[in-house]
Amino acid sequence: MTYPASIDETRRLLGTQDYICGRPLATVVFLALKLGRPLFLEGEPGTGKTEVAKSIAAALGRRLIRLQCYEGLDASSAVYEWNFPAQMVAIRTAEAAGGAERGALQEELFGPRYLTERPLLQAMRAHDGGAPVLLIDELDRTDEPFEAFLLEALSDFQVTIPELGTIKAAEPPIVIVTSNRTREVHDALKRRCLYHWVDYPDFDREIEILTARAPEASQALSREIVSFVQRLRTEDLFKKPGVAETIDWAKCLLALDVITLSPEAISDTLGAILKYQDDIARIQGSEAKRLLEDVRKTLAPV
Numbered sequence: 001m002t003y004p005a006s007i008d009e010t011r012r013l014l015g016t017q018d019y020i021c022g023r024p025l026a027t028v029v030f031l032a033l034k035l036g037r038p039l040f041l042e043g044e045p046g047t048g049k050t051e052v053a054k055s056i057a058a059a060l061g062r063r064l065i066r067l068q069c070y071e072g073l074d075a076s077s078a079v080y081e082w083n084f085p086a087q088m089v090a091i092r093t094a095e096a097a098g099g100a101e102r103g104a105l106q107e108e109l110f111g112p113r114y115l116t117e118r119p120l121l122q123a124m125r126a127h128d129g130g131a132p133v134l135l136i137d138e139l140d141r142t143d144e145p146f147e148a149f150l151l152e153a154l155s156d157f158q159v160t161i162p163e164l165g166t167i168k169a170a171e172p173p174i175v176i177v178t179s180n181r182t183r184e185v186h187d188a189l190k191r192r193c194l195y196h197w198v199d200y201p202d203f204d205r206e207i208e209i210l211t212a213r214a215p216e217a218s219q220a221l222s223r224e225i226v227s228f229v230q231r232l233r234t235e236d237l238f239k240k241p242g243v244a245e246t247i248d249w250a251k252c253l254l255a256l257d258v259i260t261l262s263p264e265a266i267s268d269t270l271g272a273i274l275k276y277q278d279d280i281a282r283i284q285g286s287e288a289k290r291l292l293e294d295v296r297k298t299l300a301p302v
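Numbering (full-length UniProt numbering), first residue to last: 1 to 302.
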């Protein structure tokens, strides 16, 4: 499938995957696709950054290649590894057979047969159906040396393997980089990307998202759920619930045949929206009842 030709078409394309977004996000996605620039998405956890990459890949019919970042991630783990056990077997086999020419054996050992490709190298390869979507997820979990290494990949869409040389993408991948902003990512990397802050949606947008992802929920229940979650985000919590938690909570309530929120139903299912015991302990019981009463005062009749 070809890239969308306009911002509105981009919104519709993402909508085919039940990803509901506003015009600002649709604009930066459209520009990233049109200009072939990496897209850097930053925001609180659970606001839908990773889902952007998944939705683009599914909507365009492209392969999604995900590099999940973590502390200590290095270039070799992200690009390639040599299959050391297989290389050792080949060496012993050659020694047992005798007469193996050292140069030819070395060339074979460090050739494609023994190369294990990791996400960045996979993304540089040609793929049926067009360039893949490369998701570099939670870049803020890594350290600055890895960021520096990424500059080559994001600037020239190429990676270097000492034994094989530089491998350049014939068609640059669609690159989505995400960060939860647990630390600042270096400006040098951000300058190579288009940037967008993915914020929590407003009430109407979150209702749209919930309707798309949990259509079984009634309008009245959906309004209560979204209003309660948005009210929770104003509380002094260690981890505020994201849109992903809103959807999970709605599905849990539906599985319990809940028709309307009650303090008991909220307390029973807080683990779907709050992920730290201190936050759960704070909201349970009378506090859940108080918040629900506040929500119902602000909700206009449907």
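Just so it is clear, CB atoms sit at the ideal spot from N, CA and C, and this is done for glycine as well.
Cβ-based neighbour list, glutamate 71, same chain, cut-off 8 angstroms, excluding 5 preceding and 5 following: Numbered from its first residue, the sequence shown carries residue 71 at position 71. The residues are Arg141, Thr142, Asp143.
Check each candidate in Tyr114, Ile65, Ser218, Ile136 and name the one with the smallest Cα separation from methionine 88. Taking the first residue of the sequence shown as 1, we reach residue 88 at position 88. For the residues Tyr114, Ile65, Ser218, Ile136, the minimum Cα distance to methionine 88 belongs to Tyr114.
Can at least three beta-carbon pairs, one atom from the segment 282-292 and one from the segment 211-223, be found at a separation below 8 angstroms? Counting Cβ pairs under 8 angstroms, fewer than three are found: no touch.
Measure how close the beta-carbons of glutamate 177 and isoleucine 136 come, nearest whole angstrom, since I'm counting them as under 8 angstroms. Start at 1 with the first residue of the sequence shown, and residue 177 comes out as number 177. Start at 1 with the first residue of the sequence shown, and residue 136 comes out as number 136. Looking at the sequence provided, one finds valine at residue 177 rather than glutamate. About 5 angstroms separates the Cβ atoms of valine 177 and isoleucine 136, confirming a contact at the 8 angstroms cut-off.
My output table needs one value for aspartate 137: the three-state DSSP class, helix, strand or coil. In the sequence shown, counting from the first residue as 1, residue 137 sits at position 137. Aspartate 137 falls in the strand class under three-state DSSP.
Between the CA atoms of alanine 265 and cysteine 193 - distance to the nearest angstrom: Against the sequence shown, residue 193 aligns to sequence position 193. Against the sequence shown, residue 265 aligns to sequence position 265. Cysteine 193 and alanine 265 have their C-alpha atoms some 44 angstroms from each other.
Between which two residues does the beta strand (DSSP E) carrying glutamate 81 extend? Position 81 of the sequence shown holds residue 81. Segment 80-82, the beta strand (DSSP E) holding glutamate 81.
Put glutamine 68 into one of helix, strand or coil per three-state DSSP. For the purposes of this step, residue 68 is identified with residue 68 of the sequence shown, where counting begins at 1. In the structure shown, glutamine 68 sits in a strand (DSSP, three-state: E or B).
Can you name the start and end residues of the alpha helix (DSSP H) that glutamate 117 belongs to? On the sequence shown, residue 117 is found 117 positions in, with the first residue counted as 1. First-last for glutamate 117: 115-117, but that is the beta strand (DSSP E), not the alpha helix (DSSP H).
Could you have a look at glutamate 42 and say whether DSSP puts it in helix, strand or coil? Here residue 42 corresponds to residue number 42 of the sequence shown, with the count starting at 1. Glutamate 42 falls in the strand class under three-state DSSP.
Cα separation between threonine 16 and arginine 23? The sequence position of residue 16 within the sequence shown is 16, counting from 1. The sequence position of residue 23 within the sequence shown is 23, counting from 1. Straight-line spacing of the CA atoms in threonine 16 and arginine 23 works out to 16 angstroms.
Run through DSSP, which three-state label would valine 185 get? Here the question's residue 185 lines up with position 185 in the sequence shown. Coil, per DSSP.
Residue burial classification, arginine 290 (beta-carbon count within 10 angstroms, cutoff 16): For this step, residue 290 is matched to residue 290 along the sequence shown. Looking at its Cβ environment, which holds fewer than 16 other Cβ atoms inside 10 Å, arginine 290 is exposed.
DSSP three-state label for lysine 275, please. Here the question's residue 275 lines up with position 275 in the sequence shown. Collapsing the DSSP output to three states places lysine 275 in coil.
Identify, in the order they occur along the chain, each residue of the same chain with its Cβ nearer than 7 angstroms to the Cβ of alanine 188, setting aside the five sequence neighbours on each side. As a first step, residue 188 is located in the sequence shown; it is residue number 188 there, counting from the start. Excluding residues up to 5 positions away in sequence, Leu151 lie with their Cβ nearer than 7 angstroms to the Cβ of alanine 188 in the same chain.
Taking its Cβ as the centre, do 16 or more other Cβ atoms sit within 10 Å of alanine 148, making it buried, or is it exposed? Here residue 148 is taken as the residue at index 148 of the sequence shown, counted from 1. With fewer than 16 Cβ atoms within 10 Å of its Cβ, alanine 148 is classed as exposed.
Alpha carbon of leucine 274 to alpha carbon of leucine 261, nearest angstrom: The residue labelled residue 274 in the question sits at position 274 within the sequence shown. The residue labelled residue 261 in the question sits at position 261 within the sequence shown. Going by the C-alpha atoms only, they are around 16 angstroms apart.
Do the segment 167-174 and the segment 7-14 make contact, defined as three or more Cβ pairs closer than 8 angstroms? No, because fewer than three Cβ pairs between the segment 167-174 and the segment 7-14 fall closer than 8 angstroms, the two stretches do not touch.
What residue range does the alpha helix (DSSP H) around valine 175 cover? The sequence position of residue 175 within the sequence shown is 175, counting from 1. Run containing valine 175: none in the alpha helix (DSSP H); it sits in the beta strand (DSSP E), 174-179.
Around the Cβ of aspartate 236, are there at least 16 other Cβ atoms within 10 angstroms (buried) or fewer (exposed)? In the sequence shown, residue 236 corresponds to position 236, counting from 1. Result: exposed.
For glycine 36, the three-state DSSP class (helix, strand or coil): Numbered from 1 along the sequence shown, position 36 holds the residue referred to as residue 36. In this structure, DSSP gives glycine 36 a state outside helix and strand, which the three-state scheme calls coil.
Just curious, the beta strand (DSSP E) that glutamine 158 is in, first and last residue? The residue labelled residue 158 in the question sits at position 158 within the sequence shown. Annotation for glutamine 158: the continuous beta strand (DSSP E) segment containing it runs 158-161.
Kindly give me the distance between the Cβ atoms of glutamate 81 and arginine 118, rounded to whole angstroms, as I take these residues to be in contact under 8 angstroms. Counted from its first residue, the sequence shown places residue 81 at position 81. Counted from its first residue, the sequence shown places residue 118 at position 118. 7 angstroms between Cβ atoms; contact.
So for isoleucine 167, helix, strand or coil by DSSP? Residue mapping note: residue 167 aligns to position 167 of the sequence shown, counting from 1. It is a strand residue.
Please decide whether glutamate 147 counts as near chain C, where near means a Cβ-Cβ distance under 8 angstroms. The structure shown contains no chain C; it holds only a single protein chain.
Here's the rule I'm using: 16 or more other beta-carbon atoms within 10 Å means buried, otherwise exposed. How should isoleucine 259 be labelled? For the purposes of this step, residue 259 is taken as the residue at position 259 of the sequence shown. Exposed, because fewer than 16 other Cβ atoms sit within 10 Å of the Cβ of isoleucine 259.
Rounded to the nearest angstrom, what separates threonine 47 and threonine 269 at their Cα positions? As a working note, residue 47 is residue 47 in the sequence shown. As a working note, residue 269 is residue 269 in the sequence shown. Threonine 47 and threonine 269: Cα-Cα distance of roughly 20 angstroms.
When you compare each of Thr50, Leu31, Gln230 to arginine 66 by their alpha carbons, which one comes out closest? Here residue 66 corresponds to residue number 66 of the sequence shown, with the count starting at 1. Comparing alpha-carbon positions, the option among Thr50, Leu31, Gln230 lying closest to arginine 66 turns out to be Thr50.
What are the partner residues of glutamate 197, as DSSP defines its beta bridges? Within the sequence shown, the letter at position 197 stands for residue 197. Looking at the sequence shown, residue 197 is not glutamate but tryptophan. Looking at the DSSP assignment, tryptophan 197 forms a beta bridge with Glu42.
I'd like to know whether the C-beta atoms of glutamine 232 and proline 241 end up nearer to each other than 8 angstroms. Indexing the sequence shown from 1 puts residue 232 at position 232. Indexing the sequence shown from 1 puts residue 241 at position 241. In the sequence as displayed, the identity of residue 232 is leucine instead of glutamine. Yes, Cβ-Cβ distance for leucine 232 and proline 241 is below 8 angstroms.
If you draw a straight line from the C-alpha of glutamine 68 to the C-alpha of lysine 54, how long is it? Your numbering for residue 68 matches position 68 in the sequence shown. Your numbering for residue 54 matches position 54 in the sequence shown. Answer to the nearest angstrom: the Cα atoms are 14 angstroms apart.
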